[in-house]
DNA sequence: ACAATGACCGCGG
DNA sequence: ACCGCGGCCATTG
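Residue numbers (this note's numbering): 789 to 929.
This is the structure we're talking about:
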């Protein structure tokens with residue numbers, strides 16, 4: 789459990805943001821951090837997920853491995869980060885369960901082919917404005 | 001109390 | 001294209 793109020797608030801913010809990643813879609817730690825207004829904290833996003841309680845241990849917790857789709861968060865390179873024993877392997881299984889295709893590269897890394905802004909339909913206000921402008925321009929041509 | 005350690009990332013060289 | 005480095009901060013040793 790987080791020690792300070794601030795930390796607790798951060799954990800909740802991260803968990804609730806991750807809950808918005810749609811089924812079958814994938815996003816990155818950095819994108820979650822950016823959405824929350826702290827683009828320099830992707831690492832802390834990973835930390836929150838690391839400490840996400842498992843549903844077996846805390847079935848009634850607001851945030852646990854069943855209510856928060858932790859498996860939909862990967863790193864900015866598009867690769868499932870390794871951790872612990874079989875961590876990446878379990879994440880791959882969870883993703884494949886929902887139809888996400890996971891490949892292996894020459895180094896054995898588990899990567900997912902995703903389009904940086906195609907996977908998660910939520911943007912920072914500034915990004916949203918840019919996209920809408922671009923789309924409007926495309927429409928005029 | 002202090003130092004090391006991460007489910008990370010973008011920028012330079 | 002491939003490191004290395006600094007920023008980040010709760011947790012752990």
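Where is the CB? At the ideal position from N, CA and C, for every residue including glycine.
Supposed close pair residue i, residue j - CB separation, criterion 8 Å
i	j	result
residue 851	residue 834	Not confirmed; about 15 Å, so no contact.
residue 860	residue 802	Not confirmed; about 13 Å, so no contact.
residue 806	residue 857	6 Å
residue 900	residue 862	6 Å
Residue interval of the alpha helix (DSSP H) (run including residue i)
i	result
residue 806	793-806
residue 845	Looking at the DSSP string, residue 845 is not in any alpha helix (DSSP H), and its letter there is neither H nor E.
residue 819	817-823
residue 831	830-838
residue 878	875-885
Alpha-carbon spacing of residue i relative to residue j, whole angstroms
i	j	result
residue 898	residue 846	29 Å
residue 827	residue 880	26 Å
residue 873	residue 829	25 Å
residue 853	residue 841	6 Å
residue 875	residue 823	25 Å
residue 906	residue 869	In this predicted model, residue 906 has a pLDDT of only 45, less than 50, meaning its place in the structure is not dependable; the value taken from the coordinates is given anyway. So the two alpha carbons sit approximately 21 Å from each other.
residue 908	residue 885	Per-residue confidence for residue 908 stands at a pLDDT of 49, beneath the threshold of 50, marking its modelled position as unreliable; the derived number appears in the next sentence. Cα-Cα distance, rounded: 19 Å.
residue 891	residue 797	35 Å
residue 843	residue 849	8 Å
residue 831	residue 837	10 Å
residue 825	residue 792	20 Å
residue 800	residue 855	12 Å
Pick from the options that is closest to residue i, judged by C-alpha positions
i	options	result
residue 894	888, 867, 800 and 879	867
residue 795	806, 853 and 839	839
residue 864	885, 883 and 815	815
residue 883	812, 870 and 832	812
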